[in-house]
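> Numbering of the sequence shown is given in the working numbering, commencing with residue 2 and proceeding in unit increments. Pasting a structure here, questions to come.
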Amino acid sequence: MLNRKRSALSLALAVALTPSLALAQSTTTDPGTTPPAGTAATDLDTIQVTGIRRGIENAIAIKQDATSVVEVISAEDIGKLPDVSIAESLARLPGLAAQRVAGRAQVISVRGLSPDFATTLLNGREVVSTGDNRSVEFDQYPSELVNGVTVYKTPDAALVGQGLSGTIDMQTVRPLAFGERVIALSGRYSKNSLGKAANVDAFGNRFSASYIDQFAEDTWGIALGFAHSDNPIQENQVGLYEPWTTEHTDNGDRPGVAPGTLFSDGIKALRRTGNAKRDGYMATVQFRPSNVWTSTLDMFHTKAEQIDTANQFEVNLSNYNGNYTPGLFISNPQVNGNGTFTGGTASGVYPLVRGMYNKREDKIDAFGWNNELTFDSFKLTADVNYSKATRDELNLENNLQLTPMPQLDTIGLTIRPDGFSQIRPGLDYSNPEALYLTNTIYGSGYGKVPQVEDRLKAARLQGTFNMPESLSWFQDVDVGVNYADRRKEKSQAEGNILLGAQGDANVGSDLQYAPVNLGFAGIGYIPAWNVPAAVNRYMTFNPVTNLDYLIPKSWVVQEKTTTAWVRANINTDIGNVGVRGNIGVQMISTDQSSQSNYFDRSRPAGQEVLPIDEGKKYTDWLPSLNLAFMFPHQQTLRFAVAKQVARPRVDQMRAGLEFGVSDLGIPGASGGNPLLDPWRANAVDLSYEKYFGEKAYVAAALFYKDLKTYVYTTTVDDHDFTDLVASWITRPGALPPQTIGTFTAPQNGEGGALRGLELTASFPLEMLADPLLGFGVQASATFNDSDIKIMDPESASSVGTDPISLPGLSKRVYNFTAYYERNGFEARVSQRRRSDFIGEIGNFNGNRTLRYVVGENVTDAQVSYTFADDSALHGLTLLLQGSNLTNEPYRTYAGTKDRPLEYIEWGRTYMLGVNYKF
């Protein structure tokens, strides 16, 4: 709704709701600070707006006043998008793209680089993560508790924890920025279009409550927030084994298939069901007894639990059926012009019905205390913070086959690159009484218990001092230091799940769920059951960490970083052109180390496990310059140049490794590398922006990054194993160990160039014609390119052995939103599109692996009505939301798209909701 009124409210809210962004002299401020006086524009002739338009105009105002190249989400914008987490909102910003995991946007790529190159802050402070790496899983942050987000695409010297591709700063509310008490409630009821399956229905819910108030003549402020979500997990999937290869057809090991045919050794179809629950809490207390002192205490807690089971039908096509006869034979094989197997009839196979259970519990706690003292000529800020994340996971599998053994089957196959591949069994797999827990071709089961703990302690001290009038170009200078101590630990106990004393067992009827329908893959119904209950009743599971291949999977990585900086803030005029910005240098001193163990097979029993502790220290100096030239007619030209770094992946820095010495005395190992240097780059940015008041803008931005180094997993043949061979016991007949050998691990290598163009426009259509009042559009297009090619031997089965492009790099990313808002009625359709890219997933071993991902086109929509101020229902909003309206599939492939690996559908989600604010 548009209210024609002269007011500074729109811009004031933009300032108040993003307290870590100073709007005049500098881009960043200390966490929890209040923007200094004079940061608001002096021209207060604005239009007060509400809803969608308010969020857009707030974001435009912040972007226009920033000295860096930034993208902004305002509080209203988050609340109005059909988003469960902040990740979906971020994915709509120019130059950003999301990768979906379990149907939800989870990790964010900035400017074509993988999430490894970006860092995430909460209220200006670096936060921990529950994954193996340092990149944040954004679906753990409820959008209802995040009051604003600023994405810094160019750094400055005072931005602590900056990333190489960008820095994402999520901000919670500051209660003293509000002039009155605010209480807000919201609720959503959702349905997934895939419907009910097994023991999980299609319905979900989501609700939140927020309370903001001020006391004691606005010297005390408090903000409390709670957000809950409970959403079903419904997934249909067909997957094929990797790799697609000619190796076995060339050797004649796949009877019936011609030599030279690319062939996959297995196929599965599954229905995954479960629930994803999340509870988030936010609390902020502010104390400002005078204009001199402001103290802010923050707390953020989120707890997420995801439990799901994949009930799947699986066929091994590698001529392995338990050594029964007859063996595999492929009749009527179909092969396309690219030499890829596309279908046929497979006989002599022994399918399985499997239950793959996963339970994951994540917790994140973040605390921060900020104190700011403001005097006439200087300001002091002190900040201490602590954050901790934990992940506890349980993976269990049950394997069932038809008995009595063998029950060999003949199966029809049709491989589809753009849809669900078809599997047509000859036998009936729908009867749970015919399927038994038994020692199948894949054993009776396997389980894992991964655990992660990530802790970060930091303290920061900064001073801002006014510059003398003789230095008219500079308004003030910031000097500061930050110390951070981070420790990430992972363990992964594993073990076989063995049949109990009773032997082969049929899963009891009291443990059976409703059967799941795999008709989308041509199979029909298969049983579904309570996997952990079946393990408890019929099986034994005793996971351990002390087996030779498990020992390197437990590790600790520690980082101690001292960051110091000086930044001079520019505020001057050259003729009729205003110039703002900053110039400075940041020093980062890093002390990194890792502790783990390795297994030495040469030593006596009980003495094979030996410790390993390695690390290094290094220092980086990072100069930076940001300039914003404000030309007449609201035109801004931005120029930035900086030296940037991104610390290596945490899991790549692990000390854990597998080690051995050949009988010829040549040592060899594979594992992590605690001696890694960071990624380093020189960056240049140029941006032109044209604003139309606070209503609209168009922008074009060019960026160029010259990565001086990159981290590759590769094999070196000159690694020094002096420390490890010292304890090696040479067996009789073998040569004594040498000190130099081969080591396969992440290594620093040459980088390359990354470049891109970002085009953005946001404007209400009433600027074109009065009858279009209320309509508006937002659009962006990003074009990325890089000459960097990497090798990833750990992912060779999916991406091959040849050099591949940068993970996370989509050459084209588009975002488009059309909206209408008038007289309380709002409607919006949003679409985000990205081209093919190489994505990151976790494989069965719990390790990171890369896959080619087909580009996506995800469409969401929302309609709502807000009752007018003079209505008895004032403050009430009714809404209808839809996510993934086209049921966009998630597709991965190996090398070319006619060799599919996964085809997944998560369905559409519809939500009915209500908001109430008073």
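By construction, the Cβ of each residue, glycine as well, lies at the ideal position given by its N, Cα and C atoms.
Taking C-alpha atoms, which residue in E434, G164, I424 lies nearest to L401?
In the sequence shown, counting from the first residue as 1, residue 401 sits at position 400. Comparing alpha carbon positions, the residue from E434, G164, I424 closest to L401 is E434.
> Can you check DSSP and say which residues form a bridge with T714?
Position 713 of the sequence shown holds residue 714. The partner list for T714 (beta bridge, DSSP) reads P747.
> Within the continuous beta strand (DSSP E) that includes V814, where are the two ends?
The residue you call residue 814 lines up with position 813 of the sequence shown. Element bounds for V814: 813-823.
> Straight-line CA distance for D366 to A277?
Residue mapping note: residue 366 aligns to position 365 of the sequence shown, counting from 1. Residue mapping note: residue 277 aligns to position 276 of the sequence shown, counting from 1. Approximately 19 angstroms between the Cα atoms of the pair.
> Where does E138 sit, in a helix, a strand or coil, going by DSSP?
The residue given as residue 138 occupies position 137 in the sequence shown. Secondary structure of E138 (DSSP, three-state): coil.
> What are the partner residues of Y321, as DSSP defines its beta bridges?
Locating residue 321 in the sequence shown gives position 320, where the first residue counts as 1. Partner(s): none; Y321 has no beta bridge.
> Given a cut-off of 8 angstroms on the beta-carbon distance, is the pair V150 and V137 in contact?
Residue numbering aside, residue 150 sits at position 149 when the sequence shown is read from its first letter. Residue numbering aside, residue 137 sits at position 136 when the sequence shown is read from its first letter. Cβ distance not < 8 angstroms, so V150 and V137 don't count as in contact.
> With DSSP collapsed to three states, give me the class of V800.
Counting from 1 along the sequence shown, the entry for residue 800 is found at position 799. It is helical.
> Please report the residue range of the alpha helix (DSSP H) in which G52 lies.
Here the question's residue 52 lines up with position 51 in the sequence shown. Here the alpha helix (DSSP H) through G52 covers 52-66.
> For H691, which residues does DSSP report across the bridge?
Locating residue 691 in the sequence shown gives position 690, counting from the first residue. Checking the displayed sequence, the identity of residue 691 turns out to be Lys instead of His. The partner list for K691 (beta bridge, DSSP) reads Q636, V699.
> Do you know how far the Cα of T382 is from the Cα of A224?
Along the sequence shown, read from residue 1 onward, the residue named residue 224 stands at position 223. Along the sequence shown, read from residue 1 onward, the residue named residue 382 stands at position 381. Answer to the nearest angstrom: the Cα atoms are 22 angstroms apart.
> I'd like to know whether the C-beta atoms of Q235 and P176 end up nearer to each other than 8 angstroms.
Reading the sequence shown from its first residue, position 234 is the one you call residue 235. Reading the sequence shown from its first residue, position 175 is the one you call residue 176. No, the Cβ-Cβ distance between Q235 and P176 is not below 8 angstroms.
> State buried or exposed for F264, treating a residue as buried only when at least 16 other CB atoms are found within 10 Å of its CB.
The sequence position of residue 264 within the sequence shown is 263, counting from 1. It is buried - the Cβ of F264 has at least 16 other Cβ atoms within 10 Å.
> If I measure Cβ to Cβ from F776 and keep anything under 8 angstroms in the same chain, skipping five residues before and after, which residues do I get?
Against the sequence shown, residue 776 aligns to sequence position 775. Answer for F776: P765, L766, E767, A819, Y820, Y821, listed in chain order.
> From the beta carbon of L91, is the nearest beta carbon of chain B less than 8 angstroms away?
Protein chains in the displayed structure number just one, and chain B is not present.
> Out of D707, L457, V73, F421, point me to the one whose CA is closest to T391's CA.
What you label residue 391 is simply residue 390 of the sequence shown in a count that begins at 1. Among D707, L457, V73, F421, the Cα nearest to that of T391 belongs to L457.
> Here's the rule I'm using: 16 or more other beta-carbon atoms within 10 Å means buried, otherwise exposed. How should E841 be labelled?
In the sequence shown, the residue the question calls residue 841 occupies position 840. Burial call: buried.
> Going residue by residue through the region 118-192, where are the continuous beta strand (DSSP E) segments of at least 3 residues, counting only ones entirely within it?
119-123, 149-153, 167-172
> Let's test the definition: count the other Cβ atoms within 10 Å of the Cβ of D429 and tell me whether it reaches 16, buried, or not, exposed.
Here residue 429 refers to the residue found at position 428 when the sequence shown is read from its first residue. By the neighbour-count rule (16 or more Cβ atoms within 10 Å), D429 is not buried but exposed.
> Are the CB atoms of P327 and E394 nearer to each other than 8 angstroms?
Within the sequence shown, numbered from 1, the residue matching residue 327 stands at position 326. Within the sequence shown, numbered from 1, the residue matching residue 394 stands at position 393. No, these two residues do not count as a Cβ contact at 8 angstroms.
> Check the DSSP bridge columns for S595 and list the partner residues they point to.
The residue you call residue 595 lines up with position 594 of the sequence shown. DSSP lists V558, E615 as partners of S595.
> Under 8 angstroms by Cβ, that's how I've got I442 and N317 pegged, so tell me the actual separation to the nearest angstrom.
Start at 1 with the first residue of the sequence shown, and residue 442 comes out as number 441. Start at 1 with the first residue of the sequence shown, and residue 317 comes out as number 316. At roughly 6 angstroms, the Cβ-Cβ gap stays under 8 angstroms, so I442 and N317 are in contact.
> Using the three-state DSSP reduction, which class does H875 fall into: helix, strand or coil?
On the sequence shown, position 874 is the one that residue 875 refers to. H875: coil per DSSP, three-state reduction.
> Quick one, are the C-beta atoms of T564 and N497 less than 8 angstroms apart?
As a first step, residue 564 must be located in the sequence shown, where it is residue number 563. As a first step, residue 497 must be located in the sequence shown, where it is residue number 496. N497 sits away from T564, with the two beta carbons spaced by 8 angstroms or more.
> DSSP three-state label for G908, please.
The sequence position of residue 908 within the sequence shown is 907, counting from 1. Coil at G908, not helix or strand.
> Whole angstroms is fine: what's the gap from N683's alpha carbon to D786's?
Indexing the sequence shown from 1 puts residue 683 at position 682. Indexing the sequence shown from 1 puts residue 786 at position 785. Rounded to the nearest angstrom, the two C-alpha atoms are 16 angstroms apart.
> By DSSP, does P36 sit in helix, in strand, or in coil?
Translated into the one-based positions of the sequence shown, residue 36 becomes position 35. Only weak support is given to the placement of P36: the predicted model assigns it a pLDDT of 36, under 50, and the value that follows is read from those uncertain coordinates. Coil.
> Which residue marks the beginning of the beta strand (DSSP E) containing N371, and which one marks its end?
As a position in the sequence shown, residue 371 is number 370, starting the count at 1. Residues 353-375.
> Return the chain-ordered list of same chain residues with a C-beta closer than 6 angstroms to the C-beta of V1, the five sequence neighbours on each side being excluded.
Because residue 1 is not part of the residues shown, which for the chain are 2 to 919, the question remains open.
> Measure the Cβ-Cβ separation of T131 and V453 and say whether it is below 8 angstroms.
By one-based count along the sequence shown, residue 131 stands at place 130. By one-based count along the sequence shown, residue 453 stands at place 452. A distance below 8 angstroms separates the beta carbons of T131 and V453.
> What's the gap between the Cα of M540 and the Cα of R105?
In the sequence shown, residue 540 corresponds to position 539, counting from 1. In the sequence shown, residue 105 corresponds to position 104, counting from 1. Approximately 34 angstroms, taken between the alpha carbons.
> Only counting the same chain, and skipping five residues up and downstream in sequence, which positions put a Cβ closer than 6 angstroms to that of V664?
To locate residue 664, count along the sequence shown from 1; it is residue 663. The residue you asked about is not Val; residue 664 is Asp in the sequence shown. Around D664: A735.
> With a threshold of 6 angstroms on Cβ separation, who are the neighbours of A305 within its own chain once the five nearest residues in sequence on each side are excluded?
Within the sequence shown, residue 305 is the residue found at index 304, counting from 1. Excluding sequence neighbours, A305 sits near Q141, R279, D363.
> So who's on the other strand from V293, going by DSSP bridges?
Residue mapping note: residue 293 aligns to position 292 of the sequence shown, counting from 1. Beta-bridge pairing links V293 to no other residue.
> Roughly how far, in whole angstroms, is the beta-carbon of V855 from the beta-carbon of K898, given that I think they are within contact range, below 8 angstroms?
One-based indexing of the sequence shown puts residue 855 at position 854. One-based indexing of the sequence shown puts residue 898 at position 897. Right, their Cβ atoms sit about 7 angstroms apart.
> Once the 5 residues before and after V239 are set aside, which same chain residues still bring their CB inside 6 angstroms of it?
For this step, residue 239 is matched to residue 238 along the sequence shown. Residues of the same chain with a CB within less than 6 angstroms of the CB of V239, apart from the 5 flanking positions on each side, are A270, F421, S422, A522, Y904 in chain order.
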